[in-house]
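Here is the structure we will look at, set down as structure tokens.
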Amino acid sequence: MGALASSEPSDRGLSEIFATQAQSLLFPSFDQPDLTVLQALVLLGQREIGHCRPSKGWLFCGIAFRLAHEMGLHLDPNNWSGSAESEVDREILRRVYWATFIADKNLSLYFGRPPALYPHESDVRNTVRLPYPTDWEGLLDTYIAPGISITAYEDGIALVGAFIYRAELSKIQHCIITDLFENRRPGAHNAAIAATVQRIHTDLTKWLSSLPGKLYWNQWTVGHVPACVLYLHMQFHTSMIILHRPPRHSFNTPDISSSEDVEICYESLQAILRLMRSYSRLYRYEELPLDFVHTLSVAASTVLMRRWLDKDMHQMEKEMNLIVQAMQAIKETWPCVEEIEKSVCKIEKCEKPADNVPEIDAMLDAGFMAGLSTPYEGENWSMPDEYTQDMFDVTLGPVLTDGILGGVREDAGQLMVDIFPPTLEKGE
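All residue numbers for the sequence shown refer to this note's numbering, where the first residue is 164 and numbers rise by one.
As structure tokens, this is what we get:
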């Protein structure tokens, strides 16, 4: 995975060699799986998905998620009977569980499928900073570089804090998936859906307000900001847009463009764009994980929504240029983003949106996004099982192959990117 982030093509080529070798060692290890096997499964799964092999990646990650339970990682090590692990080993176990938990939520949103790991099934507490050995300075001098600062490779407060709060954000994303995405009740009451959205929105704002100073960021923040902090806020605003973006068939609803939901989407879009500018000045996009592809797709869909509602082609062009530049920067690391880029470029060739909005669109028609205010009158918030098969002609759920996007429809009235699946299949 580190080789993928390299700026040298020769180094990136090593990633395929390492991945192939890892897979050859993986299956014989299933007889007696250990922590290394679980970590390898998660990493290989992320890599396969990012390289346009989603079914294989989903398989690897699915095994990893179930293996986490099989190994008892969902139980805090302090509660294990007869446990002889050191404090460092216990922290490593906790971090592996929470990293797996985070990956589960990312892929559930990415694929549009139910999560495998549930918060109520776990009692694992948050991780803490790892204690370093007393001779840490000597080890650095001997094996890393003479005279290097003892804190150069420290398990820093911002890094550990970002990991902890990323796990907390994933718990809220879990609620978005299970309480909204999986709401399959026929004729679900609009008021109940709106109340759920309001509750999750409150959870997100509480999460943001609870961030410690080391993880704080806003549009007026100046100076050097750690990469993990910028990435953390990208994920927050991505979640905000996912929660509030209205279904596309409501775009002709009067005053939709001035609704609170749409305003929240626009605000989070601007925050994501500012975060991207800050990140690109200090770091390389290639170093971001796979879920940055999801952030770019969500940002692109919001720009397209603004284009449709506000007819502001000039503003759309500036915002989309920044997003496309980021896509181009990471396409060697995550080739799946190329399909999004192609779709966006095709959309930009369309001079203006058509007057008629199709009744169903796979990108924005989530069917459960009600908003903080009164739900759009006449909306049907249920998600029938046959919807997926009609839209995608599949029976195994809407796996977003070829880089998240299903394609671009030919007529201008339907030129939108297929980013989010409309339903979640049970039993997957």
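Glycine included, each C-beta is placed from N, C-alpha and C at the ideal position.
Keep in mind that this is a model prediction, so the values were computed, not measured.
Which term fits T401, buried or exposed, when burial requires 16 or more other beta carbons within 10 angstroms of its beta carbon? Within the sequence shown, residue 401 is the residue found at index 238, counting from 1. It counts as buried.
Three-state secondary structure assigned by DSSP to A517: Taking the sequence shown and counting its residues from 1, one reaches residue 517 at position 354. At A517 the pLDDT is 48, less than 50, meaning the model places this residue with poor confidence and gives no usable figure here.
Can you tell me whether C508 is helix, strand or coil according to DSSP? Translated into positions along the sequence shown, residue 508 becomes position 345. Correct three-state label for C508: helix.
G213 (DSSP reduced to helix, strand or coil): Here the question's residue 213 lines up with position 50 in the sequence shown. It is helical.
Below 8 Å on the Cβ atoms is my contact criterion, and I expect V500 with K494 to pass it. Report the Cβ-Cβ distance as a whole number of Å. If you number the sequence shown from 1, residue 500 lands on position 337. If you number the sequence shown from 1, residue 494 lands on position 331. Sure, about 5 Å apart at Cβ, within 8 Å.
Residue burial classification, A325 (beta-carbon count within 10 angstroms, cutoff 16): Taking the first residue of the sequence shown as position 1, residue 325 is located at position 162. Buried.
Out of curiosity, what's the CA-to-CA distance linking G319 and D342? As a position in the sequence shown, residue 319 is number 156, starting the count at 1. As a position in the sequence shown, residue 342 is number 179, starting the count at 1. Looking at the two C-alpha atoms, the distance is approximately 35 Å.
Could you pull out every unbroken alpha helix (DSSP H) segment of at least 4 residues lying fully inside the region 293-319, listed in chain order? 299-306
Between the Cα of M439 and those of P278, E254 and H396, spot the shortest distance and give me the residue it belongs to. Residue mapping note: residue 439 aligns to position 276 of the sequence shown, counting from 1. Of the candidates P278, E254 and H396, the one whose C-alpha sits nearest the C-alpha of M439 is H396.
Helix, strand or coil for K474, going by three-state DSSP, please let me know. Sequence index remark: in the sequence shown, residue 474 carries index 311 (1-based). Coil at K474, not helix or strand.
Among T384, E504, D286 and P498, which one has its Cα closest to the Cα of E215? As a working mapping, residue 215 is identified with position 52 in the sequence shown. Sequence check: residue 215 is Cys here, not Glu. Nearest option by C-alpha distance: P498.
Would you mind sorting M476 into buried or exposed? The rule is 16 or more other CB atoms within 10 Å of its CB. On the sequence shown, residue 476 is found 313 positions in, with the first residue counted as 1. With fewer than 16 Cβ atoms within 10 Å of its Cβ, M476 is classed as exposed.
When burial is assigned at 16 or more other CB atoms within 10 Å of the CB, is N269 buried or exposed? On the sequence shown, residue 269 is found 106 positions in, with the first residue counted as 1. N269 comes out buried.
Validate contact between the region 256-268 and the region 286-297 using beta carbons, cut 8 Å, 3 pairs: yes
Cα-Cα, which of E211, R210 and T199 is closest to L230? The residue labelled residue 230 in the question sits at position 67 within the sequence shown. Checking every option, the nearest Cα to that of L230 belongs to T199.
So, at 7 Å on beta carbons, what are the nonlocal neighbours of M403 in its own chain, with the 5 sequence-adjacent residues on each side left out? To locate residue 403, count along the sequence shown from 1; it is residue 240. Closer than 7 Å at Cβ, skipping near neighbours: L367, I427 and S431.
Bounding residues of the alpha helix (DSSP H) (the contiguous stretch that carries S170): In the sequence shown, counting from the first residue as 1, residue 170 sits at position 7. Here S170 belongs to no alpha helix (DSSP H), and DSSP marks it neither H nor E.
What's the C-alpha gap between A463 and R469? Reading the sequence shown from its first residue, position 300 is the one you call residue 463. Reading the sequence shown from its first residue, position 306 is the one you call residue 469. Approximately 10 Å between the Cα atoms of the pair.
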